[in-house]
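First residue of the sequence shown: 62, per the numbering used here; consecutive thereafter.
Notes follow the structure.
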Amino acid sequence: MAVNQTSDQEPRPWYKFFWVWFLIGLKSSVIIACIVTGVIIYNNPTSMVVDDYYEEGRAINLRLEKVERAIELDIVLTAEFSEDQVVVRFISGNVDDGSAIRLNFYHPTLSRRDFQMRLTRAADGAYRGMLPREISGHWRVDVTPFDQAWEVRQNIHLPAPGVIELRPLDYGV
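Here is the structure:
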């Protein structure tokens, strides 16, 4: 005679299964990663996006004219960086006024680190200025007179041992 045997075991509740928690964990980790990414983007907005491409293109052409003017004048400079000071000297070039020059530092990715310096001419003919802070890493340096008749720009990496030669480069543009 066949006896129906019923199981005395109750089915396990859903929250005791491994795969349920594994799938919940995967979805939760994706949600947390999205929130963290959103916070990072909100706190560090990109500064490399340009709103007005037409104006930016015109400005590039104007800057190229200044670089070409520096090439015509055969301007070559040297820059020497210490912890708190920069010294710029003219090696060659026909420069009209030697009272002061402007030195612009542009960080390649963080515009909030960009800064500008005014270098005054010392008795020995060198242009000196105090750095606002110790700088290191990759920078684009622009040297211009105050009338902005010419421009010498170059990419440099700081701290640099010794003297850096700055020549007017158009980078093939």
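Just so you know, even glycine gets a beta-carbon here, dropped at the ideal spot from N, CA and C.
C-beta contact flag for residue i and residue j at 9 Å
i    : j    : result
T229 : V128 : The amino acid occupying residue 229 in the given sequence is Pro; Thr does not appear at that position. Going by C-beta atoms, P229 is nearer than 9 Å to V128.
D175 : Y188 : no
V224 : I162 : no
L138 : R150 : yes
A94  : L227 : no
Chain-order list of residues whose beta-carbon lies under 8 Å from that of residue i (same chain, five-residue window excluded)
i    : result
L134 : G154, N155, V156 and W211
Span separating the alpha-carbon of residue i from that of residue j
i    : j    : result
W185 : T170 : Residue identity differs from the one stated: residue 185 is Asp in this sequence, not Trp. Approximately 36 Å between the Cα atoms of the pair.
P220 : F142 : 7 Å
V81  : N104 : 35 Å
G190 : P106 : 31 Å
S90  : I96  : 10 Å
Sequence-distant residues of the same chain with beta carbon closer than 7 Å to residue i, five excluded per side
i    : result
A131 : W211, E212, V213 and P229
S160 : R182
W75  : V81
L192 : D145, Q146 and V147
Spatial neighbours of residue i in its chain, beta-carbon cut-off 6 Å, leaving aside the 5 residues before and after
i    : result
L84  : none
Q177 : N165
Proximity test, residue i beta-carbon vs the ligand MG heavy atom, cut-off 8 Å
i    : result
V147 : No copy of the ligand MG occurs in the structure displayed, which carries no ligand at all.
Residue-level contact to chain D via CB, residue i, 9 Å cutoff
i    : result
H218 : Reference to chain D is not applicable here, since this structure consists of a single protein chain.
Cross-strand partners of residue i (DSSP beta bridge)
i    : result
E226 : T139
Stretch pair the segment 193–211 + the segment 86–103: three plus CB contacts closer than 8 Å: Taking 8 Å as the limit for Cβ pairs, the verdict is that the segment 86–103 does not touch the segment 193–211.
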